[in-house]
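Numbering of the sequence shown is given in our numbering, commencing with residue 235 and proceeding in unit increments.
Positions of the beta carbon are idealized from the N, C-alpha and C atoms, including for glycine.
All figures in this text were calculated on a predicted structure; none of them were measured in a lab.
Notes follow the structure.
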Amino acid sequence: MSTLLAPKFIVVYVFVASALYVHFRGRVRHRFVRQLKDHSTIMAPYNTLMYLFSAVPPRPFVDVRKLPELATLRDNWQVMRDEALALMGEGQIRAATGHNDLGFNSFFKEGWKRFYLKWYGAPLPSAQALCPKTVALVESLPSVNAAMFALLPPGGKLNRHRDPFAGSLRYHLGLVTPNSDECRIYIDGEAYSWRDGQDVLFDETFIHSAENKTDVTRIILFCDVERPLRTRWMTAFNRWVSRNIIRASATQNVETEQVGAFNRIYALFGRGSDVLTRLKRKNRTVFRTVKYALIAGLLYWIFVA
């Protein structure tokens, strides 16, 4: 019995309980095996803490009026639209050029593109140079931790996924949209259609997907906004995590800009993944042997070592 109460097992129990809570939260969920492999499972203990102390209701959509400062963005949507259109015309809203955008890498194959304004830190130099008015508006709101222009082309889609970090809420503001119900996002099974100058606030840790079934390109302002929490010390803790951990997933618009530690590591794994993909195509037996050996080694380290 004392062995089962050893610290490493208590950590495992907390992790499993949190992962189960995340899995069953909401009406829409992944298959259990898919959820086990999802990056939101890794963040489950932290996210559960955020849910427990959240000052907003545990629902997919959050009333944007709960964060009245966001009206500054909505009131200036045409200013940001003009800068976004200029960026698109110059080809600046684009996919990552390599394995250096861990958070959104899987989106690029479906046509999704982005131009970062800031990511849990100071604005990117390229954003300050190319869209200074939008950067100034975003920087005027301390609650906005991250922002980008996000583009979804005609026929583009984003498959069902959870975002991994519950310390924020997601804000979308329509800048250039088809103004059609055929261009929409589903959050926990509920649909929202983007419209020019209209905004929406939602919890991105619910499963969501998006599609653009029109012949018009969609561009939105996409922001991570600090989740309101019920205590000052939990708010301070979340801000520390945002500044010191989530910020490490920062990436670049141009090659001269700095890439965060997580994306530098991801680039190494990306090259390793490319090797494994080639191995899988060449010899599936060897690929499976390597895969299950790695899994067995991890389980041994957790439960035996």
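**Report entry** Simplified DSSP state of P279, which is helix, strand or coil
**Finding:** In the structure shown, P279 sits in a helix (DSSP, three-state: H, G or I).
Query raised in the report: With distances taken between CB atoms, is the gap from K347 to L385 smaller than 7 Å?
Result: Yes. Within cutoff.
Requested in this report: Specify the secondary structure class of L286 as computed by DSSP and reduced to three states.
Outcome: Helix.
Query raised in the report: Excluding sequence positions up to five away, which residues of its chain have a Cβ less than 7 Å from the Cβ of A318?
Result: Excluding residues within five positions, the ones whose Cβ falls inside 7 Å are F383, L409, V410 and I453.
Report task. Rank H442, N446, Y350 and D437 by C-alpha distance to the C-alpha of E460 and give the top, closest one. Result -> If we check each option's Cα against that of E460, D437 comes out closest.
Query raised in the report: Given R429, which residues of its chain have a CB within under 8 Å of its CB, disregarding the five upstream and five downstream residues?
Result: Apart from the 5 residues on each side of it in sequence, R429 sits with its Cβ closer than 8 Å to the Cβ of G408, T411 and N413 in its chain, given in chain order.
Report task. Tell me whether G431 sits in a helix, a strand or coil according to DSSP, three-state version. Result -> In the structure shown, G431 sits in coil (DSSP, three-state: anything other than H, G, I, E or B).
Query raised in the report: Where does N446 land, buried or exposed, given buried means 16+ other C-beta within 10 angstroms?
Result: Burial call: buried.
Query raised in the report: Can you find at least 3 beta carbon pairs, one from the segment 362-372 and one from the segment 293-300, that sit closer than 8 Å?
Result: By the C-beta criterion, the segment 362-372 is judged not to be in contact with the segment 293-300, since fewer than 3 inter-stretch pairs fall below 8 Å.
Requested in this report: Compare the beta carbon distance of L304 and F349 with 7 Å and say whether it is the shorter of the two.
Outcome: Not a contact, by the Cβ cut-off of 7 Å.
**Report entry** Beta bridge counterpart(s) of P357 as assigned by DSSP
**Finding:** According to the DSSP secondary-structure assignment, P357 is paired through a beta bridge with K352.
Query raised in the report: Curious, which full-length beta strand (DSSP E) runs of at least 3 residues does the segment 401-472 contain?
Result: Listed in chain order, they are 402-410, 417-421, 424-427, 433-436, 442-446 and 452-460.
Query raised in the report: With distances taken from CA atoms, which of K271, R261, H406 and F399 is nearest T282?
Result: Nearest C-alpha to T282 among K271, R261, H406 and F399: F399.
Query raised in the report: For S443, which option in H406, C457 and R396 has the closest C-alpha, if you only look at C-alpha atoms?
Result: Of the listed residues, the one whose Cα sits closest to S443 is R396.
Query raised in the report: How close, in whole Å, do the beta carbons of L371 and N310 come, if the pair is a contact with beta carbons under 8 Å?
Result: The Cβ separation is near 6 Å, so the contact holds.
Report task. On a CA-only basis, which of T451, R308 and C457 is nearest S377? Give me that one, please. Result -> Nearest Cα to S377 within the set T451, R308 and C457: C457.
Query - DSSP-derived helix/strand/coil call for S333 - result: Inspection of the sequence shows that residue 333 is occupied by His rather than by Ser. For H333, the three-state secondary structure derived from DSSP is coil.
Query raised in the report: Got a sec, what are the start and stop residues for the beta strand (DSSP E) A384 sits in?
Result: V378 to L386 is the extent of the beta strand (DSSP E) around A384.
Report task. Tell me where the beta strand (DSSP E) around L392 begins and ends. Result -> DSSP places L392 in the uninterrupted beta strand (DSSP E) bounded by K391 to H395.
Requested in this report: Following the continuous alpha helix (DSSP H) through T541, name the residue where it begins and the one where it ends.
Outcome: Residue numbering for the chain in the displayed model covers 235 to 539; residue 541 lies beyond these limits and cannot be assessed.
Report task. Pull up the distance between the alpha-carbon of Q486 and that of V493, whole angstroms please. Result -> C-alpha separation (whole angstroms): 6 Å.
Query raised in the report: To the nearest whole angstrom, what separates the beta carbons of G260 and I441, a pair I think is in contact under 8 Å?
Result: Between G260 and I441, the beta carbon gap of about 6 Å places them in contact (Cβ cut-off 8 Å).
Query raised in the report: What whole-angstrom Cβ distance do F341 and L392 have, given they're in contact under 8 Å?
Result: Confirmed, Cβ separation roughly 6 Å.
**Report entry** Through-space distance from E373 to G431, alpha-carbon basis
**Finding:** When the Cα atoms are used, G431 and E373 turn out to be separated by approximately 19 Å.
Query raised in the report: Does any heavy atom of the ligand SAH sit closer than 6 Å to the C-beta of K516?
Result: With respect to the ligand SAH, the structure offers nothing, as it holds no ligand at all.
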